[in-house]
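Below is one structure, written out as structure tokens; comments come after it.
In my numbering, the protein residues as written are 11 to 299.
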């Protein structure tokens, strides 16, 4: 009889242990179910998967982390041939520069005494006379005020967006590039390392920043008149700091164009051999492909 009581006690302990194990298992399964539900809800609004995928607010991300939703309706770049909209034979015109503000577009050429203008973006172009001057480069400060540099080292100006007049001063021809900051005077550059200061009167001062017959192809003053960049042949690349032009080492080949984002020091320079140089501080550059 004593043995039977011991057996009953052992069986009771075993039963209690089994009940505890089952209870813990049920609780854990319930918690896991709640977590899965929460995760599903978080993924549905694209906010909590932690790996950079499906991060769109509507939960429609395609899971590749780029947030593009796999939506083919998003804008994509398409180039349209507008040559048939240019007066005359576009194949014989040496287009050199273009500037656009909204749907208004101005195009310069180095072998026609015209600036080609469109007020509707692409449908049709008309000609704006530049007299006997070939305008090689253009910068519009607005829809009415603009400046163009010519093949003979002069600057043309307009105050109505269509009528161009020769302004004062000259630079060693031709003027390859012209740029204005958000406020203040602008700058132009040309052959033999010369740069010039430009305002509504024309070229008001000039400075040779590098000799040796070096051609300067592009100048960019994105924000103020005290900070800008200029580049040219033979790896020439200078930063203007308000009082001096300082050489920036980038590449040995020709550098054809420089662009910096207004109100920042982020910019790009392009050149020979497919070079694309990028900088976030305006002085040190890394290569992009």
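For each residue, glycine too, the CB sits at the ideal point set by N, CA and C.
* **Unbroken beta strand (DSSP E) run spanning residue 256, endpoints** => In the DSSP annotation of this structure, the continuous segment of the beta strand (DSSP E) that includes residue 256 starts and ends at 255-257.
* **Where residue 100 sits in the DSSP three-state scheme** => Helix, per DSSP.
* Asked: Pairing CB atoms from the segment 198-213 with CB atoms from the segment 224-243, are three or more of them under 8 angstroms?
  -> yes
* N-terminal and C-terminal residue of the beta strand (DSSP E) that residue 105 is part of -> If you look at residue 105, you'll find it in the beta strand (DSSP E) that goes 105-111.
* To do: Please classify residue 299: does DSSP put it in a helix, a strand, or coil?
  => coil
* Asked: For residue 201 versus residue 169, is the C-beta distance shorter than 7 angstroms?
  -> no
* Residues that residue 197 bridges to, as DSSP identifies them -> In DSSP, residue 197 forms a bridge with 189, 207.
* **Rounded C-alpha distance that separates residue 235 from residue 252** => 7 angstroms
* To do: Give every residue of the same chain whose Cβ lies closer than 8 angstroms to the Cβ of residue 93, excluding the five residues on either side of it in the sequence, and list them in chain order.
  => 100, 101
* Which whole-angstrom value is the C-beta distance of residue 255 and residue 269, which I expect to be below 8 angstroms? -> Not confirmed; about 18 angstroms, so no contact.
* Can you say whether residue 89 is buried or exposed, counting buried as having 16 or more other CB atoms within 10 angstroms of its CB? => exposed
* To do: Give the secondary structure of residue 273 by DSSP, where H, G and I count as helix, E and B as strand, and everything else as coil.
  => coil
* Selected residue, minimal CA-CA separation from residue 111, among 293, 199, 171 -> Of the candidates 293, 199, 171, the one whose C-alpha sits nearest the C-alpha of residue 111 is 171.
* Asked: Nearest to residue 294 by alpha carbon, out of 157, 159, 281, 261?
  -> 261
* DSSP on residue 244, reduced to helix/strand/coil? -> helix
* Asked: Is it buried or exposed for residue 192, if we count other Cβ within 10 angstroms and need 16 for buried?
  -> Exposed: under 16 other Cβ atoms inside 10 Å.
* Is the beta carbon of residue 167 sitting closer than 7 angstroms to the one on residue 146? -> no
* To do: Would you grab the beta carbon distance between residue 213 and residue 180 for me? Rounded to a whole angstrom, and I think it's under 8 angstroms.
  => 6 angstroms
* Any idea which residues DSSP pairs residue 300 with across the strands? -> One cannot answer for residue 300 here, as it falls past the ends of the chain, which runs 11 to 299.
* Using a Cβ-Cβ cut-off of 8 angstroms (strictly less than) and excluding sequence neighbours within five positions of residue 264, which residues of its own chain qualify? -> 227, 242, 243, 244, 245, 281, 282
* Go ahead and pull the three-state DSSP assignment for residue 215. => strand
* What does a CB cutoff of less than 7 angstroms around residue 150 pick up in its chain, not counting 5 residues either side in sequence? -> 109, 111, 116, 156
* **residue 135 - containing beta strand (DSSP E), residue span** => Per DSSP, residue 135 belongs to no beta strand (DSSP E) and is neither H nor E.
* Select from 189, 95, 247 the residue whose C-alpha is nearest the C-alpha of residue 259. => 247
* **Cβ pair residue 199, residue 215 closer than 7 angstroms** => no
* Mind checking whether residue 130 and residue 162 have CB atoms under 7 angstroms apart? -> no
* Asked: Alpha carbon to alpha carbon, how far is residue 273 from residue 233?
  -> 6 angstroms
* Taking the beta strand (DSSP E) that residue 174 falls in, what are its first and last residues? -> Per DSSP, residue 174 belongs to no beta strand (DSSP E) and is neither H nor E.
* Asked: What are the boundary residues of the beta strand (DSSP E) that includes residue 126?
  -> 124-128
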